[in-house]
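Below is one structure, written out as structure tokens, with a few remarks after it.
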Amino acid sequence: MQDQQPKNLKRRGFLLAAGVGSAGAVALVASRVGKDAAKPLTTVSAEEKTGSYAETPHISNYYRTARV
Amino acid sequence: MARMKFLCDSERCIECNGCVTACKNEHEVPWGVNRRRVVTVNDGVPGEKSISVSCMHCSDAPCMAVCPTDCFYKTDEGVVLHNKDACIGCGYCFFACPFGAPQFPNGPAAFGARGKMDKCTFCAGGPEENGSKEEFEKYGRNRISEGKLPACAEMCSTKALLAGDATVVSDIFRDRALRRGKAGDAAWGWTTAYGKPEQAQERTQERTREQKQEGGK
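Here you go:
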């Protein structure tokens, strides 16, 4: 039975390294995604949004030419 | 509060596609997306009619009703706009719109790969800050905030495409319809579109009198 014990366990270190590596990659991606998501949206509310329609001289001139 | 509307005078539209070009140029619309296009009925037949079509900024917009993310909103002036950050590119609005206004940059593609919906904004931008880089990149130029009207209408050489305050636009069109004085398939051509030459002279004289009166005030 003692002969069945594995003598060299070093090769299993690959599994450990792969696990640690993939966890690190996930953490890196997650941190970047988090930064993007944390960016404030540039949208403004309807109350804050100014500059609505007003009949400027430019627009009056357009109406005048359309009446021709 | 003024209510914004488009109106295309089919008697005057000469299918030059100037409105389409003006729109694409003004907003740097991506290749394959047409926010506006000219449709001709009975093409090649005498009496054919053309109209310029884009988003009609409906009072009860079906696109707004079907959007699952509720990305549409309406401004105080009745302009239907949308938030591209909330759009998921599902295409429901495209199927709901009777004018085919919603456009997708990636064309017909399966599995939601169409991209964010793009449509006419009445040159009123989007929810971003007026005139900002983000607003231009997503929605194009915001001419309304600059005190101007949509580029397509301002560019129209025959003034077939009218845009602006619905009351003024309907007045302009009513005047034209009254001058024409007739309707039906037989009514087409220069006289129908612009009135008879003597009427044009009368209008010019009226306008000159008005300008003199205004100048005298």
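In the order they appear, the protein sequences are chains W and Y. If you're matching positions, the first sequence starts at 7 in our numbering and goes up one per residue. If you're matching positions, the second sequence starts at 773 in our numbering and goes up one per residue. Glycine included, C-beta positions come from ideal geometry on N, C-alpha and C.
Less than 7 Å between CB atoms is the rule here; does Ala44(W) satisfy it with respect to chain Y? Unreliable positioning characterises Ala44(W) in this predicted model, as indicated by a pLDDT of 49, which lies under 50. A coordinate reading is not provided.
Residues near Arg937(Y) in its chain [Cβ-Cβ closer than 6 Å; skip 5 each side]: As written in the sequence, residue 937(Y) is Asp, which differs from the Arg given in the question. Closer than 6 Å at the Cβ level, and outside the excluded window around Asp937(Y), lie Ala774.
Between the stretch 922-936 of chain Y and the stretch 794-801 of chain Y, can you find at least three pairs of beta-carbon atoms closer than 8 Å? Because the criterion of three Cβ pairs below 8 Å is met, the stretch 794-801 of chain Y and the stretch 922-936 of chain Y touch.
Sub-7 Å separation of Gly898(Y) and Lys910(Y) beta-carbons: Between Gly898(Y) and Lys910(Y), the C-beta spacing is below 7 Å.
Mind listing the chain W neighbours of Ile916(Y)? Cutoff is C-beta to C-beta under 8 Å, in chain order. Simply Gly57, Ser58, Tyr59.
Along chain W, in chain order, which residues have C-beta atoms closer than 7 Å to that of Asp890(Y)? Near Asp890(Y) there are no residues of chain W at all, since even the closest Cβ is about 17 Å away, more than 7 Å.
Going by the DSSP bridge assignment, what does Arg809(Y) pair with across the sheet? Per DSSP, Val825(Y).
Helix, strand or coil for Cys892(Y)? Go by DSSP, reduced to three states. Secondary structure of Cys892(Y) (DSSP, three-state): coil.
Who are the neighbours of Asp832(Y) on chain W, taking C-beta pairs under 7 Å? Per Cβ cutoff of 7 Å: no residues; Asp832(Y) is ~19 Å from chain W at best.
Gly863(Y) at chain W interface by Cβ criterion, 7 Å: Closer than 7 Å: no.
Output yes if chain W places a C-beta closer than 7 Å to the C-beta of Gly919(Y); else output no. With its beta carbon less than 7 Å from one in chain W, Gly919(Y) belongs to the interface.
Presumed contact (8 Å Cβ cut-off) between Lys891(Y) and Pro870(Y), rounded CB distance: The Cβ separation is near 13 Å, so there is no contact.
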